[in-house]
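**Student:** Residue numbers (my numbering), protein chains in the order written: chain W, 607 to 1394; chain G, 92 to 302; chain D, 26 to 390.
The structure follows.
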Amino acid sequence: MSGRESNADRGSNLTRRSLLKTTAAAGVAASTAGCSMPTLTQSSSASSSAGNGETTTAYGNCWQCHKLCGMEVTLNGDGKAEELHGIDGHPRGSAGEGTKGTLCPKGLSQLEKAYSPKRIKQPHIREDGELRKADWDEAFEYAAKRLQDFDDEYGAESFVEFHGWGTAGTFSTLFGNLYGCPNHVPHPTPTCFGSMAVTGTLMGLGGGNIRWIDYPNTEYVLVWGRDPLETFAGQWEAKQLLDARDRGATIVTIDPVYTETAKKSDYWLPIEPRTDGALALAMANVIIEKGLHDEEFIGQYTHGFEAYRDAAAEMTPEKAADVTGLDAETIREVATGFGEAAPSAGITSWTGLGQSADHQKASQNVVALTGLVGNIDRPGGQRWYGSSKLANPFEVGCEYDVPNNAEGKQCHLTDKQAGYASMTGKPVQNNVPKMVDNGDIRGMVYYYRNPVTDGAAKEWLGTDGQDGALDKMDLVIGIDAFWSETARKADVVFPESSQLEKPMLGAGGFGAYNTQAWVTGSKAAIDPQWNTKSGFDIVKGLGEAMGYGKYFPWESKEEYIDDKLSALDLTLEDLEEEDTYVLTGEYGYEKWKKGDGSAKFAQGAGEFWFDLDKKLDKLYAGLSEKAGTEIRTEPQYLPPGTLGDSLTDEYPLEMLDTRTVEFSHGGDQALAAPLEQLAESYDLEHEDYRGNYLVINTRDGDERGIDHGDMVEIEGKHGSAELMAAVTEGIRPGAVSVEPYGFGRGSIQPDEDGANNMLLNPPGRIDPVSGQIDRHLAVEVRKTGGDA
Amino acid sequence: MGEQWGFYFDPDDCMGCNACAIACKNRHDVDEGHVDWRRVDTVPSGSFDDYQNYEETNVSMSCMHCADPPCEKVCPTDAIQKRESDGIVTVNQDACIGCGYCEWACPYGAPQYGDDGLMQKCNLCLDKGPGSGHGATSKNEQDEPLEPACVDECVGGALDAGPVGELLDKASEEAAERFANNPTSVIVEPSSEKTSAIAPMDVGTKATDGG
Amino acid sequence: MAVPGTDLLWLPRGHWEIFIATYLFLGGLSGGSYLTSVVSSVLFRPRAQGPEEIFACEETSRWGALIGVLAIGIGSIALLSHLGAPLRAFTFPVLFSNFGSWLVIGTWIIVTFSVFTTLEAFWLQFGTKHEGDAEGLSYFPRWIVGWIDDRLPRTDDRGLLWLLDTVADLIRPTGYLRLGVRLVGAVLSVGVIVYTAMLLTDLASVPFWNQTFMPFIFLMSGASTGISAALFGTVLSGGGTTRTNHLFCLADDGLIVVEVGFIVALLSFLNSGSVAAQATYSKLFGSCCYLPFVWGVMAFGLVIPFLMSMTMTGLVSFTDIEESRLGQFAMSTGFATKYTLVLLGGFLLRYVVLFAAVKNPLFVP
């Protein structure tokens, strides 16, 4: 590839900014505290108030996939946002210092979101069974009263808080600490990638860290059940992966679907779904046989290698090839390449290995590889990004101690006696409808979240004649921006402003700078539209109405943010002057190593655990009984259907999730422009349909008389849904995929275009270990011949 | 004749993300819906049975600002013009009658039509808005020429724009060779896995033999 | 647009839909009708023997020119309806500056032709010769004017009709001048028909619009639909059993045969041509266009009319079917039906030419 510029240099006119250099590298890491004091240099102020007739520029941090890519907002003379652009050098929005910043189609659609007439424009409260408009004071008072009555009658422990992608941490303070609700359903584990996350943490890697690779130094990347060129966690990731490839790194995609990343990979391994555990063990087999494993790391810092080695010895590449549908030689090649490049070799994995009961053990096998080759937090391997600590704003700005009124209350979600938690004590979102039926939960509040697309959709939404959990609950309060079916069932709806309309802040962390922590933030670029408020202002207003005003002393979110930033001696104004981001401190590698030569891994132990016997032996014994087969504590291959759904003659296809770049990270807000682009990406824009698509192999389609663009029904044992088929050669026959979030019943889609494929998910279909909803379902697909 | 401007595209870096298409729509205030000045397509090749060789290539295309534009040839009112000053093909919306002839003539599908029925298309960001390129100062002489929105927001860094001479400096030999033989102002890198390039029917001749 | 496994980037077709199909059809029809009118006036009328034949010839001439006017008028309205800025089209003498474009060439041909067909229709409709008991349905414009006259407040016998008759006689040329005007008009009418094809075939991007075959197909079709329209009028006026009608019908059959030949040649060319050519072929016989093409154009538009015509010609020539009133009625109905089918087929041909069109795809790097 002669004469071609590297990816990062392309494009002209990088914005100039002064890059803050930090003083010494004392204080950033997952395990060390404190941080360095950055020096500030003056630079030109970029943002200014609008409305004076001239075009001006404001800032933002994108929240469409919630990764904070820096955003430059062009405002016209009337203060209306007209264009959005990336910010060069931004830790999430660019590939690093001196490189171009961009925004992806989701970020660029923030413009549409800010001004979308479909937004909820006014608070609403339910009166006499109907939702009606209310002003803010009335809505706050009404909600406060309903919450008080609820507590009096049922107790706050019968309430559950769903915190999704809200941008106000005070939400949990209000409902957890102050209102005293102990039931908190977080976003990641029960709904997103629990089967991998919980395992990864238990083994010592850290659940999230299976996602992050030290791209600038890597030579070999296994993209395993993830699609970073589609679902990049910020622009930086796609750019750095492409840069790694341009530098000569080998990229291997392991996925039943020919993903965007597969297009740019050196190998595409179209693995039979849920057989990843076999491939991982076979790779270990090859690596150990060739002596490519890191003996020193294994000897000093791990536990359970013998059991792992024995398990790997059993799984030859030939055996794995049989089970995975791959080629044994290729397995050897990839394993060897990975092993030889290690420790500058990494694995990036996410929901592809995180959403099935059968994936929990598979995850263990995959994470074990990191310990095997010793790439944990080493250059080019898995990266433990470090962050600067922000101040606790309550400690800085609030003179009162925030109580913990939830303490001592029965937490139905996680208390063992209540019987709803997962085997590792994690909340099981799929059990909430049952808890409602049992009277243990009678109300909920949600903020930028829609549980109905995560699982058990039928049980949440109800079907013809049957009420769902949302109907049965006494009190449902929502903080949301668009009318979803969930919002329409709420008793109180607080309309939230979108990202352009509110100040933003984040510190990290994973991003373009692999040895430097950073903080990024911005003021609101435009005023809250219609009669909406930022989440921060909503929580403050509601808190005040509930009598907790003294805990929310800040006049504005900006003040609150400044308190958080005080730990770094920065203000939001400072950040804006620096084009929204400041680098705050350096950190090194091998952060699991302590000064005295011992170590501390993510689960708090001094060793990385190949074998989970120290914590989970009883759990796996119980699981073995449940499954009717021996499930051991060391890495082991469990065939698909051991714990999860089995394919049958009646339901012979495996449905799995994919993501699309237009909607990744489950924002659940299908806007018109990305919907159009999604339709175009399948060449189906001429159809009168703007929903999600069922991707199916040509052969499977032919057998069922399904052509590209036909309307089809996916049916499982538990339910069905209708959507449009996209026929392609780029998926393994036997597997079908759906881009799930934001379509069909429960979503904001007009006429429910598209399918909510979780209508097929029975509440009991979860990963019992983590509580993660199991989204791998056996289905049949039929042409409906319906209208789009 | 002023320096001629064009685009550069590398399919190896194109992730098919559509940021280019939406950035363009944002800048020029083009509605959602099927009016795309720039469009991203994915072309598959091969079958699953031979999955080691299965490929899909992403292509981002807008107006190619052809050397001898077929659209200019057929436009009845001379509304479409390839400017001498910078080689950008613009449309004069005051002269356009919305006949749709240019849409048929274009081998690349560049002409688009708004609600007003008039033609609008990529003008290499000479200015903002449909038809704004007509009469604009030469891109070579503008004080602060806009970087095309598509180039600016391309996540993979696959797109670039500028005087063709400058773009050729960055291009590979193969791309430069191919460019010499193709009728457009877009330099396209060969995909690293394939050996053929975007090669439309030669726009100068009429297809009487179907070849 | 990408089609699975084909390695090619297909482009969406342009947006010439039903209005343009109508415009192309009516353009061809208009030219063909005028041409029929001139042929009838110049070749048939001098040889016509007997009042019935004369009547048939004159009806044909009158209908031909009249339909020429009506068709080009309605066709122009259809065209203007398609444009994004129709009002601008009225400034075409100034605005249409690109004479390299067939659209401009065609506009001038049509405009000029319109003058000729309007004049011819005018001269055949008005004048002292046409006063009095005007027999023939093609005189309906006179009836309309007469009706208007009856409602105008007048003091004498000189109404609108008188005015038009007077003007017509004043400006109508005679002899060789008349012939010259008709011949020029005829050339223009052929120009109009051919233009509707050249507009399409000038584009290299669509193999279906092939420069070798399509102009001939359109020419045959234009003349054929022109004959059918004019003679339909004649049959309606009662001239169905005349030799004039029979001869025109046979001429039409000849055109149909040639047209079918060219269509078959085009199909064969498409089937063995480039990817887009072959895709067009598939489209013509596929779900998109099977019904309008195979049944509409080929069967009902060409083959069946031809067979009907042969049958009727046989019956007329070798039997005495035209002796009886019932037989005459049957034959007239048969001819009228044949002409209607040809017209339908002609429209569907333009429809299919637009809707089955496929642009050349691009190869991908």
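Where is the CB? At the ideal position from N, CA and C, for every residue including glycine.
Quick caveat: nothing in here was measured; it's all calculated off a predicted structure.
Under 8 Å, CB to CB, which of the residues in the segment 683 to 710 of chain W have a partner in chain G?
**Tutor:** Answer in chain order: E688, E689, L690, H691, G692, K706, T708, L709, C710.
**Student:** Among the residues of its own chain, which have a CB less than 6 Å from the CB of E689/W, if the five just before and after it don't count?
**Tutor:** Counting only Cβ-Cβ distances below 6 Å, and skipping sequence neighbours, we find T680.
**Student:** From what residue to what residue does the beta strand (DSSP E) around S223/G run?
**Tutor:** Segment: none, S223/G is in no beta strand (DSSP E) and carries neither H nor E.
**Student:** With 8 Å set as the bound, which would you pick, yes or no: does the beta-carbon of I179/G sit closer than that to a beta-carbon of chain D?
**Tutor:** Not one chain D Cβ lies under 8 Å of I179/G.
**Student:** Please classify P999/W as buried or exposed, where buried requires at least 16 other C-beta atoms within 10 Å of its C-beta.
**Tutor:** Burial call: buried.
**Student:** I'd like to know whether the C-beta atoms of D1263/W and Q961/W end up nearer to each other than 8 Å.
**Tutor:** For D1263/W and Q961/W, yes; Cβs fall inside 8 Å.
**Student:** Quick check: the segment 1299 to 1312 of chain W against the segment 1328 to 1344 of chain W, are there 3 or more CB pairs under 8 Å?
**Tutor:** Short answer: they touch.
**Student:** So with CB distances below 7 Å, who are the chain G contacts of Y864/W?
**Tutor:** The answer, in chain order, is Y145, E147.
**Student:** Does Y315/D pass the burial test, meaning 16 or more other C-beta atoms within 10 Å, or should it be called exposed?
**Tutor:** Burial call: exposed.
**Student:** In the DSSP assignment, what are the bridge partners of D1073/W?
**Tutor:** DSSP, once it has assigned bridges, lists G1068/W as partnering D1073/W.
**Student:** How about S950/W and V972/W: are their beta carbons less than 8 Å apart?
**Tutor:** Not closer than 8 Å, so no.
**Student:** Consult DSSP for T629/W and reduce its assignment to one of helix, strand or coil.
**Tutor:** Because the pLDDT at T629/W is just 33, under 50, the model does not fix this residue reliably, and the point stays unresolved.
**Student:** Between the C-alpha atoms of A1384/W and A890/W, what's the straight-line distance to the nearest angstrom?
**Tutor:** Approximately 30 Å between the Cα atoms of the pair.
**Student:** Three or more C-beta pairs under 8 Å: does that hold for the segment 370 to 381 of chain D against the segment 343 to 360 of chain D?
**Tutor:** Cβ pair count under 8 Å is below three, so no.
**Student:** Please identify the residue among E1183/W, H909/W, G986/W whose C-alpha is closest to the C-alpha of D1217/W.
**Tutor:** Cα-wise, what sits closest to D1217/W is H909/W.
**Student:** Given that W41/D touches chain G, what residues does it touch there, using C-beta distances under 8 Å?
**Tutor:** Under the 8 Å cutoff, chain G gives G191, W195.
**Student:** Relative to the C-alpha of R38/D, which candidate in V383/D, I173/D, L244/D has its C-alpha closest?
**Tutor:** Of V383/D, I173/D, L244/D, the residue nearest in Cα terms is V383/D.
**Student:** Within 8 Å of any Cβ in chain G, is that where the Cβ of T1235/W sits?
**Tutor:** Not an interface residue.
**Student:** Please classify A919/W: is it buried, with 16 or more other beta-carbons within 10 angstroms of its beta-carbon, or exposed?
**Tutor:** Per the 10 Å Cβ criterion, exposed.
**Student:** Going along chain G in order, which residues have a C-beta closer than 9 Å to the C-beta of S1398/W?
**Tutor:** Here chain W has residues from 607 to 1394 only, and residue 1398/W is not among them.
**Student:** Ordered along the chain, which non-local residues of its own chain (more than five positions away) have a Cβ less than 8 Å from that of C1017/W?
**Tutor:** If we look at C1017/W and ignore the five residues flanking it on each side, its Cβ neighbours are E763, P788, N789, A1024.
**Student:** Do you know offhand how far V277/G's Cα is from K164/G's?
**Tutor:** Those two C-alpha atoms are separated by around 20 Å.
**Student:** If you drop the 5 nearest sequence neighbours on each side, which residues of the same chain put their C-beta closer than 6 Å to that of H107/D?
**Tutor:** Taken in chain order, the residues that qualify are F44, I45.
**Student:** Could you pull the DSSP bridge partners for S982/W from this structure?
**Tutor:** In the sequence on display, residue 982/W carries Ile and not Ser. The partner list for I982/W (beta bridge, DSSP) reads Q988/W.
**Student:** Taking DSSP as the reference, what is the three-state secondary structure of I196/D?
**Tutor:** DSSP places I196/D in helix when its eight states are reduced to three.
**Student:** Measure the Cβ-Cβ separation of W830/W and Q988/W and say whether it is below 8 Å.
**Tutor:** No. Outside cutoff.
**Student:** Can you give me the start and stop residues for the beta strand (DSSP E) that G253/G sits inside?
**Tutor:** Run containing G253/G: 250 to 254, per the beta strand (DSSP E) assignment.
**Student:** Checking 8 Å against the spacing of the C-beta atoms, do E1260/W and P876/W come in under that value?
**Tutor:** Result no, Cβ atoms of E1260/W and P876/W do not sit closer than 8 Å.
**Student:** For the candidate residues H769/W, L1365/W, K1170/W, Q970/W, whose alpha-carbon lies nearest to that of T1069/W?
**Tutor:** When only C-alpha atoms are compared, the closest one is L1365/W.
**Student:** Consult DSSP for Y864/W and reduce its assignment to one of helix, strand or coil.
**Tutor:** Three-state result, Y864/W: coil.
**Student:** If we cut at 8 Å on Cβ distances, does Q1135/W have a partner in chain G?
**Tutor:** Chain G contact via Cβ: absent.
**Student:** Cβ of A110/G within 8 Å of Cβ of L709/W?
**Tutor:** Yes.
**Student:** Quick one: give me the first and last residue of the beta strand (DSSP E) that L1189/W is part of.
**Tutor:** Element bounds for L1189/W: 1187 to 1192.
**Student:** Answer yes or no: does any C-beta atom of chain W fall closer than 8 Å to that of A170/G?
**Tutor:** Not closer than 8 Å to any Cβ of chain W, the Cβ of A170/G fails to qualify, so no.
**Student:** Using C-beta distances below 7 Å, list every residue in its chain close to D1168/W, excluding the 5 sequence neighbours before and after it, in chain order.
**Tutor:** Result list for D1168/W: T1177, L1178, in chain order.
**Student:** Show which residues of chain W have a CB atom less than 7 Å away from the CB atom of N118/G.
**Tutor:** Note that residue 118/G corresponds to Arg in the displayed sequence, not to Asn. What R118/G touches in chain W: E689.
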